[in-house]
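Engineer: Encoded as structure tokens, here's the structure I'll be asking about.
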Amino acid sequence: MGADPLGALPRTLARKVLCLLSLRDRTRCERVCTLWRSIAMEATRAETKPVWVYVIFRKNHCSGHEKMTVNISFDGPIFWNRQVAYIYCCSCHFDEHEGPLMTILSKFEQRVERMCLVDRPVDYPFLPDSIFSYMAKCMPKLQFIYLRELDLEKINRATVVDLANHNTLKKVIVHGCRNYEVLEDFRNLPQLLVVRGEILGLKGGSASSDGSRLASAGTGLKFRIRFYVNEY
17 MGADPLGALP RTLARKVLCL LSLRDRTRCE RVCTLWRSIA MEATRAETKP
67 VWVYVIFRKN HCSGHEKMTV NISFDGPIFW NRQVAYIYCC SCHFDEHEGP
117 LMTILSKFEQ RVERMCLVDR PVDYPFLPDS IFSYMAKCMP KLQFIYLREL
167 DLEKINRATV VDLANHNTLK KVIVHGCRNY EVLEDFRNLP QLLVVRGEIL
217 GLKGGSASSD GSRLASAGTG LKFRIRFYVN EY
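The numbering of the sequence shown is our numbering, which starts it at 17 and goes up by one.
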């Protein structure tokens with residue numbers, strides 16, 4: 017068996033080599049061996065571009081809904097200075113998708129500025145509190161959270177405290193969600209914006225197109241709100 021070409025390089029040089037690869041190819045490298053996985057993860061963490069993450073939950077009528085897919089986009093002028101990750105999951109298979117989802121998020125956690133979690137229509141409370149606690153504690157550059165048509169019953173007060181005390185978080189938008197009272201009750205969360213109705217530009221469309229719609233509508237954190245808004 018020949019020598020390991022990556023292992024033969026100095027660690028710093030090996031990391032720079034993997035930095036030249038796409039995230040998809042680095043993920044493949046992680047499967048080679050423990051050393052390659054370690055260097056590939058270092059290369060991912062060494063990137064400096066901000067990351068926006070859109071987690072879009074598909075329903076069981078969609079073909080392939082039981083599979084989790086990930087697309088990393090660099091296309092279009094609004095993406096030139098950032099990476100955008102579109103992660104498609106299934107609410108009814110979330111117990112299977114949660115582990116891989118957290119693994120993906122761990123690759124970006126130090127660079128994530130925006131988290132959007134989107135479902136339609138509102139479903140049962142499948143998202144655990146740990147997801148929101150993770151955002152509050154492990155994403156130091158997080159500025160913006162958008163939640164659409166989710167049942168937020170499992171968020172606990174301790175997590176809301178952590179969100180309220182986050183150093184960079186500017187806005188939490190709760191759009192058409194259910195059981196979000198714990199967010200409203202905690203008045204030290206000045207970032208909270210509850211939306212009833214539609215955000216222009218996001219009305220209509222399928223789950224498969226929600227990521228690009230959200231990316232376009234969310235640029236600059238400027239939203240036009242139709243119908244009724246409560247801000248706290």
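Cβ atoms here follow ideal geometry from the backbone N, Cα and C, with glycine treated the same way.
Give the C-beta separation of Ser-151 and Met-131 to the nearest angstrom, bearing in mind that I take them to be a contact with Cβ-Cβ under 8 Å.
Structural biologist: This sequence places Met at residue 151; Ser is not what is there. That belief holds up - the Cβ atoms of Met-151 and Met-131 are roughly 6 Å apart, short of 8 Å.
Engineer: At the level of alpha carbons, what is the spacing between Arg-42 and Leu-34?
Structural biologist: Spanning the two alpha carbons is a distance of roughly 7 Å.
Engineer: Where does His-182 sit, in a helix, a strand or coil, going by DSSP?
Structural biologist: If DSSP states are grouped into helix, strand and coil, His-182 belongs with coil.
Engineer: In terms of residue numbering, what span does the alpha helix (DSSP H) encompassing Leu-199 cover?
Structural biologist: Residues 197–201.
Engineer: Tell me which residues share the same chain as Lys-170 and place their Cβ nearer than 8 Å to its Cβ, disregarding the 5 neighbours each side in the sequence.
Structural biologist: Excluding positions up to five away in sequence, the list reads Pro-141, Leu-143, Pro-144 and Asp-145.
Engineer: Can you tell which of Ala-30, Thr-28 and Arg-53 has the C-alpha that lies nearest to the C-alpha of Arg-40?
Structural biologist: The residue with the shortest Cα to Cα distance from Arg-40 is Arg-53.
Engineer: Measuring alpha carbon to alpha carbon, tell me which of Phe-148, Leu-166, Leu-168 and Asp-167 ends up nearest Phe-160.
Structural biologist: Nearest C-alpha to Phe-160: Phe-148.
Engineer: Rounded to a whole number of angstroms, what is the C-alpha to C-alpha distance between Val-188 and Asp-167?
Structural biologist: The straight-line gap from Cα to Cα measures roughly 15 Å.
Engineer: Tell me whether Val-190 is buried or exposed, calling it buried when 16 or more other Cβ atoms sit within 10 Å of its Cβ.
Structural biologist: Classification of Val-190: buried, given that the 10 Å Cβ count is 16 or more.
Engineer: If we count the other Cβ atoms within 10 Å of its Cβ and call it buried at 16 or more, is Val-2 buried or exposed?
Structural biologist: Coverage of the chain is limited to positions 17 through 248, which leaves residue 2 absent and any answer about it impossible.
Engineer: Taking just the CA atoms, how far does Ala-19 sit from Leu-208?
Structural biologist: Their backbone Cα atoms lie some 55 Å apart in a straight line.
Engineer: If we define contact as Cβ-Cβ less than 8 Å, is Asp-135 a contact residue for chain C?
Structural biologist: This model lacks chain C altogether, as it is built from one protein chain only.
Engineer: Check whether the Cβ atoms of Leu-158 and Thr-175 lie closer than 8 Å to each other.
Structural biologist: For Leu-158 and Thr-175, no; Cβs fall outside 8 Å.
Engineer: Buried or exposed: which applies to Ala-56, given that a residue is buried once 16 or more other Cβ atoms fall within 10 Å of its Cβ?
Structural biologist: Label assigned to Ala-56: buried.
Engineer: Near Pro-26, what residues of its chain come up, given a Cβ to Cβ distance below 7 Å and the 5 sequence neighbours on each side ignored?
Structural biologist: Nothing meets the Cβ criterion.
Engineer: Please classify Thr-64: does DSSP put it in a helix, a strand, or coil?
Structural biologist: Three-state result, Thr-64: coil.
Engineer: Can you give me the C-alpha to C-alpha distance between Arg-173 and Leu-199, rounded to a whole angstrom?
Structural biologist: C-alpha separation (whole angstroms): 8 Å.
Engineer: What is the residue span of the beta strand (DSSP E) that Met-131 lies within?
Structural biologist: From DSSP, the beta strand (DSSP E) with Met-131 extends over 128–134.
Engineer: Under the rule that 16 or more other beta-carbon atoms within 10 Å means buried, what is Leu-51, buried or exposed?
Structural biologist: The residue is exposed, with fewer than 16 neighbouring Cβ atoms inside 10 Å.
Engineer: Less than 8 Å between the C-beta atoms of Asp-111 and Phe-73, yes or no?
Structural biologist: The answer is no: Cβ separation not under 8 Å.
Engineer: To test your reading of the DSSP string, which unbroken alpha helix (DSSP H) runs of 4 or more residues are found completely within the segment 96–182?
Structural biologist: The segment 96–182 contains these whole alpha helix (DSSP H) runs: 110–124, 145–154 and 173–180.
Engineer: Considering only residues of the same chain and omitting the five flanking positions on each side of His-182, which have a CB-CB separation below 7 Å?
Structural biologist: Closer than 7 Å at the Cβ level, and outside the excluded window around His-182, lie Ala-152 and Leu-158.
Engineer: Is the CB-CB distance between Glu-129 and Val-67 below 8 Å?
Structural biologist: Closer than 8 Å, so yes.
Engineer: To the nearest angstrom, how far is it from the Cα of Pro-21 to the Cα of Ala-59?
Structural biologist: Pro-21 and Ala-59: Cα-Cα distance of roughly 17 Å.
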